[in-house]
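1 is the number of the first residue of the sequence shown in full-length UniProt numbering; add one for each residue after it. A virtual CB, placed ideally from N, CA and C, is assigned to each residue, including glycine.
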Amino acid sequence: MRRPRAETRWAYVFLLPWLIGLVVFQAGPMVASLVLSFTDYDLIDSPRFAGLGNYAKMAQDPKVARAVGNTVLYTLSHVPLAIVLALALALVLNRVTGRAAGVFRTIFYLPSMTPYVAVGVLFLFLLNGQAGMVNQFLGLFGVQGPQWTTDPDWVLPGIVLMSLWNLGSTTIILFAALRNVPKELTEAAMIDGAGPWQRLRAVTLPMISSALFFVVIINTITSLQMFDQVYTMFFGNQIAQQSSGDAALFYVVYLFQQGFQFLHMGYASALAWLLFAVIAVITLVQVRVGRRLVYYEAEEHAG
């Protein structure tokens, strides 16, 4: 009995730095922001209790409605497109063998290591309507490229295009799942006369459904919190901000403006908690749906 107790004490000792960080840098600020969401606080004067005033203000704020709309449209556009492209890249990687396999995995993952601010600056030049490389490439085929960063109708498609740069993590996760698909199942399907599409639909996708479910949740949460690249491209550039209007106003960008630009910290805290609640609800719905659609091999064997 003494040895397990000693091991337990040492476990808590080694966990103590993480527990302190959790309380000081995560749990503590979250509780503080929840309290501030019921106040009128500008970082200068003392907080004044406002009740549900900040939450009522959100329902009447047209900027909130526009930011929510932009964020939802971006999420609905980005997540399916990113999953399909990442799966296609993972299927290509799965067919590469030998030393080249490691090289290609590294190449596909490298863009994920690029800082988001650098990506925003890079695509600000790539999507330039006059001299950007994207429009120059389209011009080779006789296509007149749009004004990606100034035309409000093309701002959101340009942001979706930019976000596809960071597919490395999703690709590697799906590639790892593909490597675990039993070869005997694929071979049995081939013997039965199943073509490539039939094998993908009836064998591969069900066997990697747990990984697909995971990346859908992660990409959804990340899309709803989109900030760095958009702020760098459109709100760090006064000209781009004025020309694009509210087309690039995402929810977290508006939250940041309210808290650190206009010093409406109480209102920003309410916006943050609304986002937290929305993400929690969406994730719970996805989990409930995933229980019906996702195949878990371990559970199948246990049953």
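request  = Over the uninterrupted alpha helix (DSSP H) stretch that includes Trp165, give me the two end residues.
outcome  = It is not in any alpha helix (DSSP H) - Trp165 carries neither H nor E in the DSSP assignment.
query = What distance in whole Å lies between the Cβ atoms of Tyr74 and Met226, which are believed to be in contact at a cut-off of 8 Å?
reply = Indeed, because the Cβ distance is near 6 Å, the residues count as touching under 8 Å.
task = Grab me the residues of Lys57's own chain with a C-beta within less than 7 Å of its C-beta, minus the 5 sequence neighbours each way, in chain order.
result = Around Lys57: Tyr267.
query = Val203: buried (16+ other C-beta within 10 angstroms of its C-beta) or exposed?
reply = Under this definition Val203 is a buried residue.
Complete alpha helix (DSSP H) runs within the stretch 17–84 (minimum length 4 residues, chain order) = Counting only runs of 4 or more, we get 28–36, 53–60.
task = Can you give me the Cβ contacts of Val68 inside the same chain, cut-off strictly under 8 Å, excluding the 5 residues immediately before and after it?
result = Non-local C-beta neighbours of Val68 in its own chain, meaning closer than 8 Å and more than five positions away in sequence, comprise Tyr251, ordered along the chain.
request  = Return the CA-CA distance between Pro47 and Asp40, expressed in angstroms with no decimal places.
outcome  = Whole-angstrom Cα-Cα distance: 6 Å.
key: Contacts around Ile20, its chain only, beta-carbon distance under 6 Å, and the 5 residues preceding and following it disregarded   = Excluding positions up to five away in sequence, the list is empty.
key: Buried versus exposed call for Lys155 [16 or more other C-beta atoms within 10 Å across all chains shown]   = Here residue 155 is Val; the residue named in the question, Lys, does not match the sequence. The residue in question, Val155, is buried, as its Cβ has 16 or more Cβ neighbours within 10 Å.
ask   = Candidates Gly142, Thr232, Ala248, Tyr231: which alpha carbon is nearest Asp151's?
value = Residue Ala248 is the option with its Cα nearest to Asp151.
request  = Taking Leu255 as the reference, give the member of Ser33, Asn219, Gly193, Leu185 with the closest Cα.
outcome  = Nearest Cα to Leu255 within the set Ser33, Asn219, Gly193, Leu185: Ser33.
task = Would you kindly check if the distance between the Cβ of Ser77 and the Cβ of Ala270 is under 7 Å?
result = Cβ distance not < 7 Å, so Ala270 and Ser77 don't count as in contact.
query = To the nearest angstrom, how far is it from the Cα of Gly120 to the Cα of Val253?
reply = When only Cα atoms are considered, Gly120 and Val253 end up about 14 Å apart.
request  = Flag this pair as touching only if the stretch 212–220 and the stretch 82–97 have three or more C-beta atom pairs under 8 Å; answer yes or no.
outcome  = Yes: the two stretches touch, three or more of their Cβ pairs being nearer than 8 Å.
request  = Could you check if Val215 is buried or exposed, using at least 16 other CB atoms within 10 Å of its CB as the buried criterion?
outcome  = Buried.
ask   = How many whole angstroms separate the CB atoms of Asp228 and Val160, which I take to be in contact at a CB cut-off of 8 Å?
value = The pair is not a contact, with the Cβ atoms about 15 Å apart (cut-off 8 Å).
query = Thinking C-beta only, is Ile279 closer than 7 Å to Leu224?
reply = Result yes, Cβ atoms of Leu224 and Ile279 sit closer than 7 Å.
query = Mapping DSSP to helix, strand and coil, what is Ile107?
reply = In this structure, Ile107 counts as helix in the three-state DSSP scheme.
Leu124 classed as buried or exposed, judged by whether at least 16 other C-beta atoms fall within 10 angstroms = Within a 10 Å sphere around the beta-carbon of Leu124 sit 16 or more other beta-carbons, which makes this residue buried.
query = According to DSSP, is Phe260 helix, strand or coil?
reply = In the structure shown, Phe260 adopts helical secondary structure according to DSSP, grouped into three states.
key: Helix, strand or coil at Asp151 [DSSP, three-state]   = In this structure, Asp151 counts as coil in the three-state DSSP scheme.
message = In whole angstroms, give me the CA-to-CA distance for Gly236 and Gln198.
response = If you draw a straight line from the Cα of Gly236 to the Cα of Gln198, it is about 48 Å long.
message = My output table needs one value for Tyr231: the three-state DSSP class, helix, strand or coil.
response = It is helical.
task = Have a look at Ala101 and Arg291 and give me their C-alpha separation to the nearest angstrom.
result = Here the alpha carbon of Ala101 sits roughly 33 Å from the alpha carbon of Arg291.
request  = Return helix, strand or coil for Gly290, following the three-state DSSP convention.
outcome  = In this structure, Gly290 counts as helix in the three-state DSSP scheme.
request  = Within 10 angstroms of the Cβ of Ala211, are there 16 or more other Cβ atoms? Answer buried if so, exposed if not.
outcome  = With 16 or more other Cβ atoms within 10 Å, it is buried.
query = When we look at the beta-carbon of Asn180 and count the other beta-carbons within 10 Å, is it buried (16 or more) or exposed?
reply = By the neighbour-count rule (16 or more Cβ atoms within 10 Å), Asn180 is not buried but exposed.
query = I think Thr149 touches Leu127, with their Cβ atoms under 8 Å apart; what is that distance to the nearest whole Å?
reply = Their Cβ separation, rounded to whole angstroms, is 6 Å, which keeps Thr149 and Leu127 in contact under 8 Å.
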